[in-house]
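Trainee:
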Amino acid sequence: MKSTKILNGNQTIGEAVRQIDPDVIAAYPITPSTAIVETIASFCADGLITGEFVCPESEHSAMSVCIGAAAAGGRVMTATCSQGLALMWEMLYIAAGLRLPIVAAIANRALSAPINIHGDHSDTMGARDSGWIQIYSENCQEAYDNFIQAFRIGEHSDVLTPVFVGLDGFIISHSSEAVQVEDDAAVKKFIGEFKPPYPLLDTSRKFSVGPIDFTDYYFEHKRSQIEGIENSPRVIEEVGKEFGRTFGRTYGFFEEYRMDDAEIAIVVMSSAAGTGKDAVDELRAEGKRIGLLKPRVFRPFPHVRIAEALKKMKAVAVLDRSSSPGAFGAPLFTEIRSALYDYEKRPKLVNYVYGLGGRDIKAEHFKEVAAKLERIADSGKVEEMLGYLNLRE
Amino acid sequence: MKKETWKELPIGTVNIHAGNSVSNHTGTWRSGRRPDFIEKNCIQCFFCWLYCPHFAIRVEGGKVTGFNYDYCTGCGLCAEECPTKEKAIVMVKEETKLAEGRKK
Numbered sequence: 213m214k215s216t217k218i219l220n221g222n223q224t225i226g227e228a229v230r231q232i233d234p235d236v237i238a239a240y241p242i243t244p245s246t247a248i249v250e251t252i253a254s255f256c257a258d259g260l261i262t263g264e265f266v267c268p269e270s271e272h273s274a275m276s277v278c279i280g281a282a283a284a285g286g287r288v289m290t291a292t293c294s295q296g297l298a299l300m301w302e303m304l305y306i307a308a309g310l311r312l313p314i315v316a317a318i319a320n321r322a323l324s325a326p327i328n329i330h331g332d333h334s335d336t337m338g339a340r341d342s343g344w345i346q347i348y349s350e351n352c353q354e355a356y357d358n359f360i361q362a363f364r365i366g367e368h369s370d371v372l373t374p375v376f377v378g379l380d381g382f383i384i385s386h387s388s389e390a391v392q393v394e395d396d397a398a399v400k401k402f403i404g405e406f407k408p409p410y411p412l413l414d415t416s417r418k419f420s421v422g423p424i425d426f427t428d429y430y431f432e433h434k435r436s437q438i439e440g441i442e443n444s445p446r447v448i449e450e451v452g453k454e455f456g457r458t459f460g461r462t463y464g465f466f467e468e469y470r471m472d473d474a475e476i477a478i479v480v481m482s483s484a485a486g487t488g489k490d491a492v493d494e495l496r497a498e499g500k501r502i503g504l505l506k507p508r509v510f511r512p513f514p515h516v517r518i519a520e521a522l523k524k525m526k527a528v529a530v531l532d533r534s535s536s537p538g539a540f541g542a543p544l545f546t547e548i549r550s551a552l553y554d555y556e557k558r559p560k561l562v563n564y565v566y567g568l569g570g571r572d573i574k575a576e577h578f579k580e581v582a583a584k585l586e587r588i589a590d591s592g593k594v595e596e597m598l599g600y601l602n603l604r605e
Numbered sequence: 002m003k004k005e006t007w008k009e010l011p012i013g014t015v016n017i018h019a020g021n022s023v024s025n026h027t028g029t030w031r032s033g034r035r036p037d038f039i040e041k042n043c044i045q046c047f048f049c050w051l052y053c054p055h056f057a058i059r060v061e062g063g064k065v066t067g068f069n070y071d072y073c074t075g076c077g078l079c080a081e082e083c084p085t086k087e088k089a090i091v092m093v094k095e096e097t098k099l100a101e102g103r104k105k
């Protein structure tokens, strides 16, 4: 039976895992994703999860267990963040290269040094070329909904690609909200059965998985892998709509908030988008024509759709919760700037890095950005393209 | 064999050609040393056969009779593991054997 429960982000993922009941769960605890693993462990102890729960000695081993179990043909998940995700690094590429649709919940957290346990997107952004699909959540409800959809997306026969579901460390992982938890049977029916193309437990066929490729085959296999994630936009869209028809909450690649007649816009992902929407409401009440665009899917990057949504703006600020030292802007900014390159009429674009190591972002900071966007829209001139929000200068 | 295009390959680095490593002649990596079989010292313990990483120990009629040099990489594990006091397998310089071959 569906019900409304008061849950934090980690508990919502635990609820989803209980409902999905994967064949194998392998995870190592790390703040702030530890409670995901704890919740799963207690469900296992209570017999509410029947899948195999493996507690290995590190995140590297956790992802290795996931890879082995997924290659055997199982439905598999894990949870981690930050240093834990970093320790999984080489195995992330192997999961993607072997086309194993493992789902990982990531309670996004800053990377050391300096050591910090709070929320930013450095961990998954660093893994943006690992071949995993990346979906980000604004709140606990989205984390729950995205996590369920992730299995359908990754396991689709045209996709077969692992998926990260991001929920901001502490801000979502440890904040309690009223969450609509759907009916167990309805969730099971929605995700359906996973049919792997080459499960190692199928002994009726002779094949090996992941043997060495030299100069003669590696390139072809990599191209084939790219096709999987390039097929995913269609599936992401279909699954998002079907989720809406089934449970009443429809998902796409991004959310547009008060963008219809906007002249300036702020692009921001995850939990900060909630604060951003409040700021937009206040600015709208003052008569400002401002909107907000919240990307949900970062990999595959919906470059055409986002460019179409932004092309008519006069000025746009892209807010990144990670940095890319030495690059021409932070990850989200460079993607969007590149997406707009082919448009003759395009907005002036600025980039702000915010919230590293869990630093607060408040409505006043969005208003600060909005004031700068207004000046750019009026003058047509960008004085400072790359900046930092709420940093002591 | 014609190599597949990326569209023809099975999904996920799967190799559906079971046993195709036979076509990979690992003996071409060998340089410097190769094992030499001294039959009179051999007690047919099969340690060499067990340890050889490339299945390069030749067995005929249930007995070890030497090596398949198409696959022997010259690693020397067989000679190392040979348990007899007077070794039945010794590693020799590649050029020594080639020179012997020419004399005959």
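Read top to bottom, the protein sequences are chains A and B.
Count the first sequence with this note's numbering and you get residues 213 to 605, in order.
Count the second sequence with this note's numbering and you get residues 2 to 105, in order.
Using N, Cα and C, we set each Cβ at its ideal position, and we do this for glycine too.
Residue 6 of chain B touches chain A at which residues, Cβ-Cβ below 7 Å?
Mentor: 432
Trainee: Report the option in A:419, A:587, A:459 and A:316 whose CA atom is closest to the CA atom of residue 392 of chain A.
Mentor: A:459
Trainee: According to DSSP, which residues form a beta bridge with residue 265 of chain A?
Mentor: A:237
Trainee: Tell me which residues of the segment 399 to 428 of chain A have at least one Cβ-Cβ distance to chain B shorter than 8 Å, keeping chain order.
Mentor: Along the segment 399 to 428 of chain A, the positions whose C-beta sits under 8 Å from a C-beta of chain B are 409, 410, 417, 418, 419, 420, 421, 422, 423, 425 and 428, read in chain order.
Trainee: Got a sec: is the Cβ-Cβ distance from residue 435 of chain A to anything in chain B below 8 Å?
Mentor: yes
Trainee: Suppose only complete runs of 4+ residues qualify. What are the alpha helix (DSSP H) ranges in the segment 495 to 555 of chain A, listed by chain order?
Mentor: 515 to 522 and 543 to 551
Trainee: Would you list, in chain order, the members of the segment 13 to 26 of chain B that have their beta-carbon closer than 7 Å to a beta-carbon of chain A?
Mentor: 13, 14, 15, 16, 17 and 19
Trainee: Beta strand (DSSP E) containing residue 349 of chain A: first to last residue?
Mentor: 345 to 349
Trainee: Output needed for residue 26 of chain B: all residues of its chain with C-beta closer than 7 Å, excluding positions within five of it in sequence on either side, in chain order.
Mentor: 71 and 72
Trainee: Using a threshold of 8 Å, state whether the C-beta atoms of residue 518 of chain A and residue 466 of chain A are closer than that.
Mentor: yes
Trainee: What does DSSP give as the partner residues of residue 316 of chain A in its beta bridges?
Mentor: DSSP output for residue 316 of chain A lists A:290 and A:376 as bridge partner(s).
Trainee: Got a sec, what are the start and stop residues for the beta strand (DSSP E) residue 92 of chain B sits in?
Mentor: Taken as a continuous stretch (DSSP letters only), the beta strand (DSSP E) holding residue 92 of chain B covers 90 to 94.
Trainee: Under DSSP, the alpha helix (DSSP H) around residue 64 of chain B begins and ends at which residues?
Mentor: It is not in any alpha helix (DSSP H) - residue 64 of chain B instead sits in the beta strand (DSSP E) that spans 64 to 68.
Trainee: Taking the alpha-carbon positions, what's the residue 337 of chain A to residue 376 of chain A distance?
Mentor: 11 Å
Trainee: Helix, strand or coil, according to DSSP, for residue 14 of chain B in the structure here?
Mentor: coil
Trainee: Spell out a yes or no on whether the segment 467 to 481 of chain A and the segment 447 to 459 of chain A are touching, meaning 3 or more CB-CB pairs, one atom from each, closer than 8 Å.
Mentor: no
Trainee: Contact between the segment 256 to 276 of chain A and the segment 400 to 407 of chain A: three or more CB pairs below 8 Å?
Mentor: no
Trainee: Here's a check: name, in chain order, each residue in its chain whose Cβ is nearer than 7 Å to the Cβ of residue 306 of chain A, leaving out the five neighbours to either side.
Mentor: 279
Trainee: Taking the alpha-carbon positions, what's the residue 51 of chain B to residue 65 of chain B distance?
Mentor: Each residue's alpha carbon lies about 11 Å from the other.
Trainee: If distances are taken between C-alpha atoms only, which option among A:604, A:602 and A:583 comes closest to residue 594 of chain A?
Mentor: When A:604, A:602 and A:583 are compared, the shortest CA-CA separation from residue 594 of chain A is found for A:583.
Trainee: What residues in the segment 50 to 66 of chain B have a beta carbon less than 7 Å from any beta carbon of chain A?
Mentor: So nothing in the stretch comes that close.
Trainee: Would residue 507 of chain A be called buried (16 or more neighbouring beta carbons within 10 Å of its own) or exposed?
Mentor: buried
Trainee: Whose CA, out of B:12, B:4, B:7 and B:8, lies closest to the CA of residue 369 of chain A?
Mentor: Measuring from the Cα of residue 369 of chain A, the nearest candidate turns out to be B:12.
Trainee: Short of 6 Å in beta carbon distance, which residues of its chain neighbour residue 333 of chain A, apart from the five on each side in sequence? Order them along the chain.
Mentor: 320, 533 and 534
Trainee: Where residue 390 of chain A and residue 216 of chain A are concerned, what is the direct C-alpha to C-alpha distance, given to the nearest angstrom?
Mentor: Taking the straight line joining both Cα atoms gives about 6 Å.
Trainee: Quick check: residue 226 of chain A and residue 242 of chain A, are their CB atoms within less than 8 Å of each other?
Mentor: no
Trainee: Establish whether the CB of residue 310 of chain A and some CB of chain B are separated by less than 8 Å.
Mentor: yes
Trainee: For a test of the three-state rule: what should DSSP assign to residue 4 of chain B, helix, strand or coil?
Mentor: coil
Trainee: Suppose contacts are defined by Cβ-Cβ distances below 8 Å. Is residue 589 of chain A in contact with residue 551 of chain A by that definition?
Mentor: Between residue 589 of chain A and residue 551 of chain A, the CB-CB gap reaches or exceeds 8 Å.
Trainee: For residue 372 of chain A and chain B, any beta-carbon pair shorter than 8 Å?
Mentor: yes
Trainee: Looking at chain A, is there any beta carbon in it that lies within less than 8 Å of the beta carbon of residue 11 of chain B?
Mentor: yes
Trainee: Please list the terminal residues of the continuous beta strand (DSSP E) segment that includes residue 429 of chain A.
Mentor: Careful: residue 429 of chain A lies outside any beta strand (DSSP E) and carries neither H nor E.
Trainee: Report the rounded CA-to-CA distance for residue 234 of chain A versus residue 414 of chain A, giving the unit in angstroms.
Mentor: 19 Å
Trainee: Residue 352 of chain A and residue 224 of chain A look like a contact to me (Cβ under 8 Å); what is the Cβ gap, rounded to whole Å?
Mentor: 5 Å
Trainee: Quick one, are the C-beta atoms of residue 483 of chain A and residue 222 of chain A less than 8 Å apart?
Mentor: Not a contact, by the Cβ cut-off of 8 Å.
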